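Okay, structure first, notes after.
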Amino acid sequence: MLTSLASALNFNPQVNTLTKSANVSAFTLTNNEPGPFNFSVTIPQKIADSNNHFVTIASPYTYNFYNLNTSNSSSVNISISKIDDNFDIGTFNAPISILAYNETTLEQRNVSLQFTYDFCDMGQVGKIKVLDIDDVSSETNFKWKPLDKVEIDIDVQNNRIGRDIDAVVEIDLYDTVDKQFIGVDGDGGDLTEDVSIDDGKKEQVTFTISVPAEVAEGSGRYVLYVKAYEDGEEETECNEKLQNIQIERDSREVKVMEIIAPNSSICGADEDIKFKVANIGRNSEKKILVEMVNKELGIQESREISDLGQDDNPKEITFAIHIPENATQKTYTLSFNLRYKYDTNDKTYDISEDGVASHTIKLEGNCIQVSNTDALITATLESGANAGQEMTVNANIKNTGSQTTSYTLLVTGIDSFATLESINPQTFTLNPNQAKDVTIKLLAKPDAGGDYTFTITALFDGKTKQQSATLTITGKQSVSGSAIIDSLKSNWLIWLIVVINIVLIILIIAVAVRISKRE
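The numbering used here applies: residue 1 is where the sequence shown begins, and numbers increase by one.
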């Protein structure tokens with residue numbers, strides 16, 4: 001009598017695992033009970049993943065063994081005939097039904113047939129080995145936030161003695177709920193690095209990965225997959241390793257991401273600046289204000305976003321901007337600012353963040369150069385200034401504009417005290433920051449005397465620049481009655497001595513004349 005199928009039947013192995021490379025398997029049935037027994041084995045025709053991709057098993061699907069005596073064994077062979085593309089990563093089961101019976105006993109048992117779909121295209125084969133995955137930039141290993149930039153070090157060893165290999169290391173992030181890779185390059189794709197590894201040696205490869213914005217908070221859902229394979233030989237040399245990732249979110253956090261804009265443009269152009277705004281915090285945002293500014297170009301664009309939840313897809317925004325025709329050819333930075341955590345009571349944003357992201361645009365070509373011309377005039381009197389004589393005024397003209405400019409000088413306001421003899425040179429051209437000395441000769445009028453103000457005028461580029469100058473002319477001296485009286489009052493002692501001397505001289509001459517007459 002068959003007491004139980006478990007004791008009557010030796011099933012080896014208990015679990016059969018198939019892969020893309022190990023696509024043929026077999027197991028044996030051994031009768032452990034005395035007397036002959038009959039066995040019937042039913043193989044599944046397909047193994048399905050959660051997205052209804054299939055692994056198709058080759059026929060036959062039924063095996064019958066009759067009168068299997070004690071300690072006798074029979075083999076069951078299983079092989080794969082087809083694997084659907086995009087089969088989910090992981091291990092999937094399908095039941096194998098085993099029926100044992102004789103004249104008095106009937107018992108059925110189910111075991112699992114497993115199929116494992118690896119990150120390696122043909123499963124893990126060969127002697128290349130991924131040794132370690134190390135998170136070297138996070139404060140806590142493998143605890144990440146949305147949009148984090150994470151540096152990952154990966155050690156790969158070549159265990160093929162006597163053969164150097166050129167290896168490829170590939171890394172990607174897998175979502176075990178949605179059953180798909182979600183990417184680590186910032187655009188939903190994987191990352192790869194090439195490395196040469198000598199036989200028996202190991203090498204380290206470093207990746208900087210971008211955590212997708214849409215990852216959900218929690219642990220166990222996301223798995224970082226790494227595989228290393230020989231370049232062009234993945235079917236025979238490939239090994240992989242995986243790491244569970246924990247995702248954390250701050251209470252409130254908003255980011256600008258995926259800026260799509262030209263790196264260069266021309267003056268007068270109309271450009272579209274596209275980007276996305278993502279809510280990577282735990283709370284929904286009733287309102288978000290996003291600004292893009294550049295004061296030099298006169299750009300200030302803003303847009304308000306309503307009801308952006310943490311589970312919502314990032315909001316795409318386009319700003320249409322106009323580049324001024326007269327902008328200077330150089331590189332400009334567009335800066336992005338965010339306002340969020342909207343207070344419905346006072347209608348203000350409690351969180352303000354400036355410069356959360358930026359984009360540079362280089363302007364070259366088609367720019368209208370605005371004329372920037374100016375002048376600085378200074379003047380000094382070089383010679384004496386006397387009535388009726390020539391005077392020399394030295395003027396200095398400096399080009400303080402940004403353009404090469406031609407200047408013409410005029411002298412005005414001299415009619416009352418002088419006439420213009422010459423301006424040398426009167427017309428000249430100066431480069432930016434260049435200066436020129438100009439000699440101005442004036443002839444003072446005979447009756448001129450005292451302080452006078454005149455104007456030096458520079459004409460250039462349809463503009464006028466003037467500078468006032470003052471000089472003092474010494475007039476001709478004349479004697480007047482009042483001057484004599486004033487001199488007598490102020491110098492009476494001197495004048496008294498002079499008069500006494502004159503009187504003495506007259507007396508001496510008179511005495512001399514009288515004496516001569518007597519003789």
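Ideal Cβ positions, reconstructed from N, Cα and C, are used throughout, including at glycine.
Being a predicted model, the structure only gives us computed values, none of them experimental.
Query, Result
"Coil, strand or helix - residue 469 by DSSP", "strand"
"Close beta carbons around residue 69, own chain, < 6 Å, minus the five adjacent residues each side", "36"
"Whole-angstrom C-beta distance between residue 286 and residue 344, which should lie under 8 Å", "7 Å"
"Whole runs of the beta strand (DSSP E) within the segment 262-308, excluding any shorter than 3 residues", "270-279, 285-294 and 299-308"
"Counted within 10 angstroms of its Cβ, other Cβ atoms place residue 140 as buried (16 or more) or exposed", "exposed"
"Residue 204, enclosing beta strand (DSSP E) - first and last residue", "202-210"
"Residue burial classification, residue 274 (beta-carbon count within 10 angstroms, cutoff 16)", "exposed"
"Among 29, 184 and 154, nearest to residue 97 - alpha-carbon criterion", "29"
"DSSP three-state assignment for residue 397, whether helix, strand or coil", "strand"
"Extent of the continuous beta strand (DSSP E) to which residue 252 belongs", "Premise fails: residue 252 is in no beta strand (DSSP E) and is neither H nor E."
"Beta bridge counterpart(s) of residue 108 as assigned by DSSP", "99"
"Whole-angstrom C-beta distance between residue 302 and residue 290, which should lie under 8 Å", "7 Å"
"First and last residue of the uninterrupted beta strand (DSSP E) at residue 136", "From DSSP, residue 136 is part of no beta strand (DSSP E); its letter is neither H nor E."
"Collapsed DSSP secondary structure at residue 479 in the structure displayed", "Confidence at residue 479 is low in this model, with a pLDDT of 47, below 50, so the placement of that residue should be treated as unreliable; the coordinate-derived value is given next. Residue state, collapsed to three classes: coil."
"Span of the beta strand (DSSP E), counted from its first residue to its last, around residue 61", "No beta strand (DSSP E) contains residue 61, which DSSP labels as neither H nor E."
"N-terminal and C-terminal residue of the beta strand (DSSP E) that residue 355 is part of", "348-363"
"Proximity to residue 433 [Cα-Cα], best of 421, 464 and 375", "375"
"Segment contact flag, the segment 111-127 with the segment 235-244, C-beta cutoff 8 Å, min 3 pairs", "yes"
"Residue 504, DSSP secondary structure in three states", "helix"
"Helix, strand or coil at residue 160 [DSSP, three-state]", "coil"
"Run of the beta strand (DSSP E) containing residue 82, from where it starts to where it stops", "73-83"
"Residue 410, enclosing beta strand (DSSP E) - first and last residue", "405-412"
"Simplified DSSP assignment, three categories, for residue 497", "helix"
"Assigned secondary structure, residue 321 (DSSP; H/G/I helix, E/B strand, else coil)", "strand"
"Rounded separation between residue 204 and residue 335 - CA only", "37 Å"
"Residue 450 classed as buried or exposed, judged by whether at least 16 other C-beta atoms fall within 10 angstroms", "exposed"
"Among 83, 402, 414 and 34, the one whose alpha carbon lies nearest that of residue 21", "83"
"Beta strand (DSSP E) runs contained entirely in the segment 410-444, provided each spans 3 or more residues", "418-424, 427-430 and 435-444"
"Segment limits, beta strand (DSSP E) that includes residue 127", "Segment: none, residue 127 is in no beta strand (DSSP E) and carries neither H nor E."
"Whole-number beta carbon distance between residue 280 and residue 255, since they are thought to touch under 8 Å", "6 Å"
"Three-state class that DSSP yields for residue 368 in the structure shown", "coil"
"Residue 114 and residue 93 closer than 8 Å at C-beta", "yes"
"Simplified DSSP state of residue 43, which is helix, strand or coil", "coil"
"Nearest to residue 202 (by Cα), restricted to the options 339, 169, 175 and 248", "169"
"Top-ranked residue by Cα proximity to residue 267, from 377, 298 and 88", "298"
"Length of the line joining the Cα atoms of residue 210 and residue 167", "23 Å"
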